[in-house]
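Number of protein chains: 2
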Amino acid sequence: MAVTRAVETSQTELAPVADGGLKAGRRGQQVVETLRTAIIAGRFEPGERLIESALSTELGTSRGPVREALRQLENEGLVMSLPYRGAVVLGVSDEEVQHVLIPIRLTVERYSFAKALETMTEDDFAEIAKQVWLMEQAAKSGDLTKAVEADLQFHDIVMTASGQTHTLQIWRSIWPRIRAYFFRYGRSASLEEMVEDHRLLLAALQTRDPKQVMPLLERHITVATPPPGAKKLDPGKKRR
Amino acid sequence: MAVTRAVETSQTELAPVADGGLKAGRRGQQVVETLRTAIIAGRFEPGERLIESALSTELGTSRGPVREALRQLENEGLVMSLPYRGAVVLGVSDEEVQHVLIPIRLTVERYSFAKALETMTEDDFAEIAKQVWLMEQAAKSGDLTKAVEADLQFHDIVMTASGQTHTLQIWRSIWPRIRAYFFRYGRSASLEEMVEDHRLLLAALQTRDPKQVMPLLERHITVATPPPGAKKLDPGKKRR
DNA sequence: CGTGCCCGGATTGTCAACCATTTTAGGATT
DNA sequence: AATCCTAAAATGGTTGACAATCCGGGCACG
Chain R
7 MAVTRAVETS QTELAPVADG GLKAGRRGQQ VVETLRTAII AGRFEPGERL
57 IESALSTELG TSRGPVREAL RQLENEGLVM SLPYRGAVVL GVSDEEVQHV
107 LIPIRLTVER YSFAKALETM TEDDFAEIAK QVWLMEQAAK SGDLTKAVEA
157 DLQFHDIVMT ASGQTHTLQI WRSIWPRIRA YFFRYGRSAS LEEMVEDHRL
207 LLAALQTRDP KQVMPLLERH ITVATPPPGA KKLDPGKKRR
Chain V
7 MAVTRAVETS QTELAPVADG GLKAGRRGQQ VVETLRTAII AGRFEPGERL
57 IESALSTELG TSRGPVREAL RQLENEGLVM SLPYRGAVVL GVSDEEVQHV
107 LIPIRLTVER YSFAKALETM TEDDFAEIAK QVWLMEQAAK SGDLTKAVEA
157 DLQFHDIVMT ASGQTHTLQI WRSIWPRIRA YFFRYGRSAS LEEMVEDHRL
207 LLAALQTRDP KQVMPLLERH ITVATPPPGA KKLDPGKKRR
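Protein chains in written order, with my numbering: chain R, 7 to 246; chain V, 7 to 246.
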């Protein structure tokens, strides 16, 4: 009873999200995280269809949360959904990453970090230090996923601290595609470099001096941009 | 049976969306448009709560489409929703408009217009010309709403023609807040100026020469930026 | 032999009724 | 006056059923 696929057969298994009972919280959010992780990790190919009923039985929920999750993923640019045709996984072109996603990330992070310099508390710094430490551990054991998670948290903490609603919201809708891109094609710099970047950033943040922070930040964001060689995969689009 | 309000009593009436029977299509999408228009036009105050059940009865649909609509509006930055607390209308700070939203709009439109120069067909130009004409008519009769709608379509057509999925998606998530901002505080330039801008832009596009287009585009986007004097309104946010 | 039409299965969109979970606002108690 | 408690309000999720739409394949026709 193979699920219908639009591209290839890459039989992806998803663990139910309803079990355990330990991790509470809204089902829908867990569905989002499960699917997002799966897509970013490349467990779904671009072009592949995501069928609501299939996902809901696989994840052990009803269609409601799955529908909401798909909408969320659509806003994160990981899928595109067409009326009565459902959601398909999207790819990202090299060009859009370079010319649009990275510049936007630069814009939001520059603004947010500048704001955060004025508002961050000692607790915030401590929380960030924790993420740096986690990143170090992950780097030592070569756990890319954990390192990336810490990276993510690092930036999320700073941007949350800046208290800029829209900026944060936009950032959260941008990063998943960038991550997906770097996961699909050769990744960015080495894990060690990544840790070092963040260690320096934390130190700079503590000085609360924009002149210290901004160069590091800009370098950190723009450096992780490997040479092209990417194909796009960006299924069907019609006129308006 | 006044609806519960969090800020003031601004008794807003919404026409049902289910009637008529002429305009078909997914209910949910119509709900989105109704609410978006209402918010942008300022018929809901920032801080005001949007209650699913109230909206669904007012609009004549079930809660399902309303829920999806609220999610969509959340991605457009018009509302923010917190777990078990529902959706609240958001304001936009002057600063975020200047330092984040406008720069992002610049990024996506520059890229998209450049791409479109290579791909636009005669039909596209014709469709754009139609919007310019509609804008002229609206300007003559002083119909701001219609003029803005044509403006919107103008840019949407070009960006759709460019075929850049993510860029288009991001643009659609950005413009509503910018519109809301300009509607709330004194608007941008005059309608005549707006028409002239687009007329020139269309002519420039037809030359397919980036050197002709870009200066006009950048001026068009950045010019509409009235002096500050804005308050923010950006209800409750906690730590992560 | 190709072309176009029609049909039925698959999938999304919507509805309705219901219960669980959580927040919130009063009210009672101390 | 402050605290705790309770009940109403609202959201989150479930189920089951339809309606609307898309898509692929078979069939008749040129």
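Where is the CB? At the ideal position from N, CA and C, for every residue including glycine. Being a predicted model, the structure only gives us computed values, none of them experimental.
Please list, in chain order, all residues of the same chain as residue i whose beta carbon is under 6 Å from its beta carbon, the five residues on each side excluded.
i                      : result
residue 257 of chain V : The shown model of chain V, from 7 to 246, leaves out residue 257 of chain V, and the question about it has no answer.
residue 186 of chain R : 46
residue 179 of chain R : 81 and 82
residue 197 of chain R : 145 and 153
residue 122 of chain R : 164, 167 and 168
residue 56 of chain V  : 93
residue 126 of chain R : 167
residue 69 of chain R  : 58 and 62
residue 177 of chain R : 114 and 165
Is there a Cβ from chain V that is less than 8 Å from the Cβ of residue i?
i                      : result
residue 59 of chain R  : no
residue 110 of chain R : yes
residue 92 of chain R  : no
residue 207 of chain R : no
residue 98 of chain R  : yes
residue 71 of chain R  : no
residue 86 of chain R  : yes
residue 183 of chain R : yes
residue 228 of chain R : no
For residue i, which residues from the same chain have a beta carbon less than 7 Å from its beta carbon, with the 5 sequence-adjacent residues on both sides left out?
i                      : result
residue 37 of chain V  : 23, 65, 67, 71, 72 and 75
residue 3 of chain R   : With chain R running from 7 to 246 in the structure shown, residue 3 of chain R is simply not present.
residue 203 of chain V : 226
residue 224 of chain V : 112
residue 116 of chain R : 220 and 223
residue 216 of chain R : 120 and 123
Counting only beta-carbon atoms, is residue i nearer than 8 Å to chain R?
i                      : result
residue 170 of chain V : yes
residue 179 of chain V : yes
residue 76 of chain V  : no
residue 175 of chain V : yes
residue 52 of chain V  : no
residue 89 of chain V  : yes
residue 83 of chain V  : yes
CA-CA distance, residue i and residue j?
i                      : j                      : result
residue 228 of chain V : residue 219 of chain V : 14 Å
residue 119 of chain V : residue 175 of chain V : 15 Å
residue 181 of chain V : residue 147 of chain R : 44 Å
residue 95 of chain R  : residue 77 of chain V  : 20 Å
residue 133 of chain R : residue 164 of chain R : 10 Å
residue 104 of chain R : residue 171 of chain V : 14 Å
residue 48 of chain R  : residue 190 of chain R : 7 Å
residue 137 of chain R : residue 60 of chain V  : 43 Å
residue 62 of chain V  : residue 90 of chain V  : 18 Å
residue 243 of chain V : residue 149 of chain V : Legend: pLDDT at residue 243 of chain V = 41, less than 50; position of this residue unreliable, value from coordinates given subsequently. Going from the Cα of residue 243 of chain V to the Cα of residue 149 of chain V covers about 38 Å.
residue 214 of chain R : residue 106 of chain V : 21 Å
residue 34 of chain R  : residue 42 of chain R  : 12 Å
residue 97 of chain R  : residue 110 of chain R : 18 Å
residue 128 of chain R : residue 54 of chain R  : 45 Å
residue 28 of chain R  : residue 212 of chain R : With a pLDDT of 49 at residue 28 of chain R, under the threshold of 50, the predicted position of this residue should be treated as unreliable, though the coordinate-derived value follows. Each residue's Cα considered, the two are about 37 Å apart.
residue 32 of chain R  : residue 151 of chain V : 39 Å
From the options, pick the residue whose C-alpha is nearest to that of residue i; which is it?
i                      : options                       : result
residue 200 of chain V : V:41, V:158 and V:61          : V:158
residue 143 of chain V : V:156, V:224 and V:163        : V:156
residue 167 of chain V : V:124, V:40 and V:217         : V:124
residue 87 of chain R  : R:151, R:170, R:52 and R:213  : R:52
residue 140 of chain V : V:205, V:190 and V:35         : V:205
residue 226 of chain V : V:160, V:59 and V:63          : V:160
residue 113 of chain V : R:115, R:108 and R:117        : R:108
residue 101 of chain V : R:33, R:173, R:128 and R:93   : R:173
residue 210 of chain V : V:110, V:135, V:188 and V:91  : V:135
residue 84 of chain V  : V:63, V:50 and V:69           : V:50
residue 99 of chain V  : V:216, V:183, V:195 and V:212 : V:183
residue 79 of chain V  : V:20, V:39 and V:127          : V:39
(request) Below 8 Å between beta carbons is the criterion; list the residues of the stretch 103-129 of chain R that meet it against any residue of chain V, in chain order. (result) 105, 106, 107, 109, 110, 113, 114 and 117
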